[in-house]
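Enquirer:
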Amino acid sequence: MTGATDITPCLSPFLDLHMMFPLLEYMDKVIGEDPSLISYTSTEIAQVRLNLLGPTHMVDYAMDIYKQLHNGEESKEMEEQKKTVYEQLEELRSKAKPLVSFFDDDEKKNALVENGDFNVSGLIKASNGEVSASTVENYRLLAKFNYDCGDYSSARIMLNNYISLFVSGKEDLYDTASFEKSNLSLLEALWGRLSCEILLGNVETATSSLAIVRMVLESLSSSHKISHYETLRQRTWLLHWGLFVFWNGTRKGTELMMDLFTSEKYLQAITTNAPHLIRYLTAAVLINKRRSGVKMMRELMRVMHQSSDCHDIKDPIIEFIDSLCIRFDFDGAQTKLAECENVLKADFFLCKQANVFMEEARVFIFENYCRIHSKLRVSDLAEMLAMDAVSAERWIVDLIRTTDLSAKIDLAENCVVMTGTSNSRASVYQTVLDRTKDLNIRSSNLLRNFQAGLLREKESKEAEYDD
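Counting from 0, one number per residue, gives the positions in the sequence shown under numbering that gives the first Met the number 0.
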């Protein structure tokens, strides 16, 4: 992926630091398979990973990369850092021990739940002084420390326990008044749990955690407990973190993404803070085109138009749709589709759906081309679809069989003949006629207004001369 098409620098400000490691590891893997797809070297990627590990407590990981970059040499500074990390971990474990013991005791937990006292105040009363508000806070800090050490599984369990103290009855009912008391630490815990689920690859629970973060965020925003600026910032984070959840190799994920990305509040966040995310919305709409239909494609056109007013977006995936649907430039669409293939392979999120995207893109080109032609040579279609003639013919035959496309292949002339009267073709011709007619009317009106203006100016000057 060249520097122009690599949007990792655009994504990174809105991702948790730990989320960058899967992206960088994937880039390193791509470099090993095809260096032409990535504009960086493995050494540069390793150096970036080492720099990002600095603020974390993943010292063993950092030491391995340091050795890789320095020919096996060990870092004394990192050895000291490792000792410090273990000391801090033991200190936090000691401070949080009463609450750790409580959550390990199912009998005590069940007793509080049955009495309706499973919350912070109820826990403090039932602990006979062993647990205090500072113990609860230290438990949260221990969960965060485990996360920074890369122990996402332990962090997730502890954050689930911490969050459960603020849940009223069911898991989707949150006491938002608690957010003020805890100085929004509960919201941080919800974000932390979402990050753990993402990094552990738990798609189903990550989807649920994402929905909860969104619900709580909107609740806090509507009750003015966080500012409009902070709300916009966190919505932008949610959109970026959601990429890990939505691009999981299933159509359902991309359908959920389209719902979120095209909702009014989150669309505002995209056009304001993150126009680069339109790449993923465009890919999702194309992949789901047969299900979402014309309506979603029109919505995408609107989003692209809004963003183009404020940002100069240069992305082959976006430009492919722009060439095909707005400028009707089939040669340009063909060129961009070839570029898309490399972008898809190098993109951490899109790589799993690369084959599906390319297939749907070829179908989309073919459908649009057929709408304005009644007869097409197979050789021309093969070139346009970036396929050899034999593969293109086989692909077209399969497409005709599996869709309602009114067409047949003339083997004698080696061409595709459109049969019957297609409503879609008629609608395209009618659209062109309507637009041309509208253009003529507006041109005539403009000319008449211009002539009328000249006439009024002439009469005004003549009146001044007579005076």
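We put the beta carbon where it would ideally sit given N, CA and C, even for glycine. A quick note: this is a predicted structure, and the numbers were derived from the prediction, not measured.
Taking the alpha-carbon positions, what's the K335 to I316 distance?
Expert: To locate residue 335, count along the sequence shown from 1; it is residue 336. To locate residue 316, count along the sequence shown from 1; it is residue 317. One C-alpha to the other measures close to 7 Å.
Enquirer: Applying the 10 Å Cβ sphere with the 16-neighbour rule, what's the burial state of R301?
Expert: Reading the sequence shown from its first residue, position 302 is the one you call residue 301. Exposed, since its Cβ has fewer than 16 Cβ neighbours within 10 Å.
Enquirer: Can C148 and H56 be called in contact, C-beta distance under 7 Å?
Expert: Residue numbering aside, residue 148 sits at position 149 when the sequence shown is read from its first letter. Residue numbering aside, residue 56 sits at position 57 when the sequence shown is read from its first letter. In contact: C148 and H56 (Cβ atoms closer than 7 Å).
Enquirer: Output the distance between the C-alpha atoms of C9 and E129, rounded to the nearest integer angstrom.
Expert: Taking the first residue of the sequence shown as position 1, residue 9 is located at position 10. Taking the first residue of the sequence shown as position 1, residue 129 is located at position 130. Cα to Cα, C9 sits roughly 47 Å from E129.
Enquirer: Could you please give the first and the last residue of the uninterrupted beta strand (DSSP E) stretch that includes L57?
Expert: Indexing the sequence shown from 1 puts residue 57 at position 58. Before going further, note that residue 57 is Met rather than Leu in the sequence given. No beta strand (DSSP E) contains M57, which DSSP labels as neither H nor E.
Enquirer: Within 8 Å, do at least three Cβ pairs link the stretch 382-397 to the stretch 362-370?
Expert: Enough Cβ pairs lie closer than 8 Å, so yes.
Enquirer: State the DSSP-derived secondary structure class of C195, mapped to helix, strand or coil.
Expert: Residue 195 sits at position 196 when you count from the first residue of the sequence shown. Helix.
Enquirer: I believe M256 touches I277 by the beta-carbon criterion, under 8 Å. Please report the beta-carbon distance rounded to the nearest angstrom.
Expert: By one-based count along the sequence shown, residue 256 stands at place 257. By one-based count along the sequence shown, residue 277 stands at place 278. At roughly 12 Å, the Cβ-Cβ gap does not stay under 8 Å, so M256 and I277 are not in contact.
Enquirer: In whole angstroms, what is the alpha-carbon distance linking D321 and L231?
Expert: Mapped onto the sequence shown, residue 321 falls at position 322. Mapped onto the sequence shown, residue 231 falls at position 232. Going from the Cα of D321 to the Cα of L231 covers about 28 Å.
Enquirer: Near D33, what residues of its chain come up, given a Cβ to Cβ distance below 8 Å and the 5 sequence neighbours on each side ignored?
Expert: Against the sequence shown, residue 33 aligns to sequence position 34. Cβ within range, chain order: K344.
Enquirer: Restricting to Cα atoms, I'd like to know which of L98, L51 and T401 is closest to L164.
Expert: Residue numbering aside, residue 164 sits at position 165 when the sequence shown is read from its first letter. Here the closest residue by C-alpha is L98.
Enquirer: Quick check on the burial criterion: 16 or more other C-beta atoms within 10 angstroms. Buried or exposed for E392?
Expert: Locating residue 392 in the sequence shown gives position 393, counting from the first residue. Looking at its Cβ environment, which holds 16 or more other Cβ atoms inside 10 Å, E392 is buried.
Enquirer: Inspect the CB distances between the stretch 117-132 and the stretch 78-91 and report whether three or more fall short of 8 Å.
Expert: Taking 8 Å as the limit for Cβ pairs, the verdict is that the stretch 78-91 does not touch the stretch 117-132.
Enquirer: Could you tell me the distance, in whole angstroms, from the CA atom of S373 to the CA atom of C414?
Expert: Within the sequence shown, residue 373 is the residue found at index 374, counting from 1. Within the sequence shown, residue 414 is the residue found at index 415, counting from 1. Those two C-alpha atoms are separated by around 10 Å.
Enquirer: Given a threshold of 16 other Cβ atoms within 10 Å of its Cβ, counted over all protein chains shown, does I325 qualify as buried or as exposed?
Expert: As a position in the sequence shown, residue 325 is number 326, starting the count at 1. Exposed, since its Cβ has fewer than 16 Cβ neighbours within 10 Å.
Enquirer: Per DSSP, which one or two residues make a beta bridge with K407?
Expert: In the sequence shown, counting from the first residue as 1, residue 407 sits at position 408. K407 is bridged to V416.
Enquirer: At the level of alpha carbons, what is the spacing between L237 and I395?
Expert: Locating residue 237 in the sequence shown gives position 238, counting from the first residue. Locating residue 395 in the sequence shown gives position 396, counting from the first residue. Whole-angstrom Cα-Cα distance: 41 Å.
Enquirer: Quick one: using the 10 Å Cβ neighbour count with 16 as the cut-off for buried, is A95 buried or exposed?
Expert: As a first step, residue 95 is located in the sequence shown; it is residue number 96 there, counting from the start. When all chains shown are included, A95 counts as buried.
Enquirer: Hey, quick one: how far does the alpha helix (DSSP H) through R155 stretch, first residue to last?
Expert: Start at 1 with the first residue of the sequence shown, and residue 155 comes out as number 156. Run containing R155: Y151 to S163, per the alpha helix (DSSP H) assignment.
Enquirer: For R250, count the other beta carbons within 10 Å of its own beta carbon; 16 or more makes it buried, fewer makes it exposed. Which is it?
Expert: Here residue 250 refers to the residue found at position 251 when the sequence shown is read from its first residue. Looking at its Cβ environment, which holds fewer than 16 other Cβ atoms inside 10 Å, R250 is exposed.
Enquirer: Would you report the Cα separation of Q467 and V416, rounded to the nearest angstrom?
Expert: With the chain represented from 0 up to 466, any question about residue 467 goes unanswered, as that position is not in the structure.
Enquirer: Apply the 10 Å Cβ neighbour rule to N137 and answer buried if 16 or more other Cβ atoms are within range, or exposed otherwise.
Expert: For the purposes of this step, residue 137 is identified with residue 138 of the sequence shown, where counting begins at 1. N137 comes out buried.
Enquirer: Which same chain residues end up closer than 6 Å to A425 when comparing Cβ atoms and leaving out the 5 residues on each side of it in sequence?
Expert: Against the sequence shown, residue 425 aligns to sequence position 426. The predicted model places A425 with a pLDDT of 45, which falls under 50 and marks its position as unreliable, so this point remains unresolved.
Enquirer: One question on the structure: do F347 and L16 come within less than 7 Å of each other, judged by their Cβ atoms?
Expert: Taking the first residue of the sequence shown as 1, we reach residue 347 at position 348. Taking the first residue of the sequence shown as 1, we reach residue 16 at position 17. No; because the gap between Cβ atoms is not below 7 Å, this pair is not in contact.
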